[in-house]
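Peer 1: Residue numbers (the working numbering): 5 to 218.
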Amino acid sequence: MTDTDSEAPATRGRSRKYTQVLGLINQAAIEVFASEGLAGASTQAIADKAGLSKAQLHYYIESKEALYRQVLQDILTDWIVVFGFSDEAFGPRKVLGDLIQRKMMFSFEHPLRSRIFTAEMMRGAPVINSMMDTSKQRTDQAAAVIQNWMNQGLMDKADPMLVLFHIWAVTQFYADHATQAAYYRNTAQQGDDKDRRYLIEQVTEFLLKGAGVK
5 MTDTDSEAPA TRGRSRKYTQ VLGLINQAAI EVFASEGLAG ASTQAIADKA
55 GLSKAQLHYY IESKEALYRQ VLQDILTDWI VVFGFSDEAF GPRKVLGDLI
105 QRKMMFSFEH PLRSRIFTAE MMRGAPVINS MMDTSKQRTD QAAAVIQNWM
155 NQGLMDKADP MLVLFHIWAV TQFYADHATQ AAYYRNTAQQ GDDKDRRYLI
205 EQVTEFLLKG AGVK
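1) Could you compute how far the alpha carbon of M5 sits from the alpha carbon of S19?
2) Determine the burial state of P96: buried for a count of at least 16 other Cβ atoms within 10 Å of its Cβ, exposed for fewer.
3) With distance defined between alpha-carbon atoms, name the residue in R106, R73, L76 nearest to G88.
4) Determine the burial state of K218: buried for a count of at least 16 other Cβ atoms within 10 Å of its Cβ, exposed for fewer.
5) In chain order, what residues of the same chain lie with their CB nearer than 7 angstroms to the CB of G41, ignoring the 5 residues before and after it?
6) In terms of residues, what are the limits of the alpha helix (DSSP H) holding D91?
7) Roughly how many angstroms separate the alpha carbons of A185 and K198, rounded to a whole number?
8) For A93 and Y72, I'd like the C-alpha separation in whole angstroms.
9) Quick one, are the C-beta atoms of L230 and A192 less than 8 angstroms apart?
As structure tokens, this is what we get:
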């Protein structure tokens with residue numbers, strides 16, 4: 005056995021532990037930023053949530069602000085996938101329906117990430133603004149696809165960007181106002197699979213009808 009062979013398992017073990025700790029820190033940061041915002045969050049609170057000392061936390065991160073930027077970047081990366089359009093040739097009912105379902109599921113499964121994004125936007129997007137070029141390009145492309153469908157008579161004529169805004173607004177409600185929705189509907193806040201399917205069906209039909217999808 006060579007020295008390299010004997011060191012490899014230990015190196016892999018350290019790498020795996022490092023990745024696991026980063027995952028704990030990321031989840032702790034999401035929880036703290038979602039409840040306290042950037043200004044109210046502290047590295048001590050994040051360390052406590054992650055089960056680390058403050059000194060241990062700072063071994064893994066540069067600063068609270070850098071960690072916040074990374075969380076926002078991860079959210080944007082996820083949303084580029086969520087908001088991605090499938091083949092335009094499938095038509096608006098299929099493509100927009102799939103988009104609505106993905107966004108609703110993201111709201112159900114990752115409400116804290118959605119709330120962090122909303123809070124950042126309500127502050128005027130001071131941090132995330134510099135990261136949004138790719139998201140803006142994808143949104144412009146999606147609006148162009150919707151415009152093409154309108155030109156083909158597959159949807160009612162409207163401002164395609166506003167169609168996207170309406171989809172975002174309605175689906176985002178189920179993340180930002182999950183507690184309110186559950187209270188008035190007398191359901192568990194996250195809902196079970198049956199309730200989620202029901203909401204997705206209702207929201208999808210409502211939005212597609214509102215957009216005049218044929």
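Positions of the beta carbon are idealized from the N, C-alpha and C atoms, including for glycine.
Peer 2: Result, derived from the coordinates:
1) Reliability of the predicted coordinates at M5 is poor, the pLDDT of 48 falling under 50, and the value obtained from them is presented with this limitation in mind. Cα atoms of M5 and S19: separation of roughly 21 angstroms, rounded to the nearest angstrom.
2) By the neighbour-count criterion, in which 16 or more other beta carbons inside 10 Å mark a residue as buried, P96 falls on the buried side.
3) Answer by Cα proximity: R106.
4) Exposed is the call here.
5) Here G41 has A123 as same chain residues with Cβ atoms under 7 angstroms from its own Cβ, once five neighbours each way along the sequence are excluded.
6) Unbroken run through D91: none, as it is neither H nor E.
7) A direct Cα-Cα distance of roughly 16 angstroms separates A185 from K198.
8) Take the alpha-carbon of A93 and the one of Y72: they are about 39 angstroms apart.
9) No answer is possible for residue 230: the residues shown for the chain start at 5 and end at 218.
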